[in-house]
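S.K.: Below are the structure tokens for one structure; questions will follow.
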Amino acid sequence: MKLTFSGAVNNHRFSLKCIPHDTDMQRIEKMSVSVYPDHITSENTDSYGNITLFGYTNEFHNSFGFDVTGIARTGLSEYESSHEIHRVGLYRYQTPITRPGTSILEYYKQLKLSDLRDAKEKALHIMDGLNGSFKYGQGYTSMETTAEEAFAGGTGVCQDYAHIMLSLCRMDKIPCRYVTGMMMGEGRSHAWVEVWHDKKWLGFDPTNKKIVGDEYIKISNGRDYADCLVNQGIFTGNVTQNQEINVIVEEETDE
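Numbering (the working numbering), first residue to last: 28 to 282.
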């Protein structure tokens, strides 16, 4: 990720959620993290289990960025277990971003989820239906767009697909969470949904209409996009900024 400022800034404090961690589905075997320009950094884990990198610099700079490289072994399991089942209830409730409006409420009625057996079947039905009712397109939504606004507009990106699916699942009292990460073939970060079923988390990618498998690398999870922001920070300087995120995921073959 790289931030470019229109002028020099200083007194820069930041937090980064850019570091994958071990789960039942993946194991991080090698990793290197670099932040530039040089910053004083420390690492911690937030309340959702995400690795967060904190840092500060008072030096003037016109750009800021970080690189994360490594090797992840994926496909170790089809699900992610939870050792904090008492926290699952947090993911049943709507947030300001996922709260449904008229468009999503009407669509929810059409899905007839009460006819289905369990959370997995309902999530598959929501994913299949959403893929046919919502179109992928860049430039129609922003980071601040809510699930209702995106669905009413009919077009959006992976973040919007995930928020709409979260909204629909939570209307049916299904615990579910927003996930950011990477996948094979993507030139940028990706977003999908995990649904609580049979005391474990199952991943669903509504953008691509598929179950999350070994081509995905998870970075963070939360109630919605706001809990998984790759970069948050404050600085001193009257400037504009531009953010660019590039992701390369390649399969490593055993020789």
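Note that beta-carbon positions come from the ideal geometry of N, C-alpha and C, so glycine has one too. What you are looking at is a predicted structure, and each value in this text was computed from that prediction instead of being measured.
Is N248 buried or exposed, if buried means 16 or more other CB atoms sit within 10 Å of its CB?
M.R.: Of the other Cβ atoms in all chains shown, 16 or more fall within 10 Å of the Cβ of N248; this residue is therefore buried.
S.K.: Of the choices L30, C185 and E86, whose alpha-carbon is the least far from that of G164?
M.R.: A check of alpha carbon separations from G164 across L30, C185 and E86 identifies C185 as the nearest.
S.K.: Below 8 Å between beta carbons: does that hold for W223 and D232?
M.R.: With contacts defined by Cβ atoms closer than 8 Å, W223 and D232 do not form a contacting pair.
S.K.: When DSSP labels each residue in this structure, what does F178 get in the three-state scheme?
M.R.: helix
S.K.: Name the two residues that bound the continuous beta strand (DSSP E) containing T129.
M.R.: It is not in any beta strand (DSSP E) - T129 instead sits in the alpha helix (DSSP H) that spans T129 to L138.
S.K.: Three-state secondary structure (DSSP) at S61?
M.R.: Strand.
S.K.: Hey, how far is the Cα of M209 from the Cα of T182?
M.R.: 22 Å
S.K.: Could you pull out every residue in the same chain whose Cβ sits closer than 6 Å to the Cβ of A146, ignoring the five residues on either side in sequence?
M.R.: Excluding residues within five positions, the ones whose Cβ falls inside 6 Å are I201, V222 and H224.
S.K.: Say whether chain B places a C-beta atom closer than 8 Å to the C-beta of P202.
M.R.: In the displayed structure, chain B is absent; only one protein chain is listed.
S.K.: Which residue comes first and which comes last in the beta strand (DSSP E) that contains D232?
M.R.: Unbroken beta strand (DSSP E) run through D232: K227 to D232.
S.K.: Name, in chain order, the residues that DSSP records as bridge partners for D94.
M.R.: S61
S.K.: How far does the alpha helix (DSSP H) with Y188 in it reach, from first residue to last?
M.R.: C185 to M198
S.K.: Would you kindly work out how many angstroms separate the C-alpha atoms of L103 and P47, rounded to a whole number?
M.R.: 15 Å
S.K.: Give me the Cα-Cα distance between S108 and N265, rounded to the nearest whole angstrom.
M.R.: 46 Å
S.K.: Identify whether Y75 lies in helix, strand or coil by the three-state DSSP scheme.
M.R.: coil
S.K.: May I have the straight-line CA-CA distance separating F91 from T84, to the nearest angstrom?
M.R.: If I take the Cα positions, the gap works out to 11 Å.
S.K.: Inspect the CB distances between the region 248-258 and the region 71-88 and report whether three or more fall short of 8 Å.
M.R.: With contact defined as three or more Cβ pairs closer than 8 Å, the region 248-258 and the region 71-88 are in contact.
S.K.: Taking the alpha carbon of G34 as the point to measure from, which residue in I244, V257 and Q268 has its own alpha carbon closest?
M.R.: Q268
S.K.: In three-state terms, what does DSSP make of E148?
M.R.: Here DSSP, grouped into helix, strand and coil, assigns E148 to helix.
S.K.: From H110 to K162, what distance separates their C-alpha atoms?
M.R.: Taking the straight line joining both Cα atoms gives about 36 Å.
S.K.: For N89, I'd like the list of residues in its chain whose CB is within less than 6 Å of its CB, leaving aside the five on either flank, ordered along the chain.
M.R.: Around N89: F32 and A35.
S.K.: Using the Cα positions of M211 and V276, report the straight-line distance between them to the nearest angstrom.
M.R.: 5 Å
S.K.: With a threshold of 6 Å on Cβ separation, who are the neighbours of D187 within its own chain once the five nearest residues in sequence on each side are excluded?
M.R.: T168 and A177
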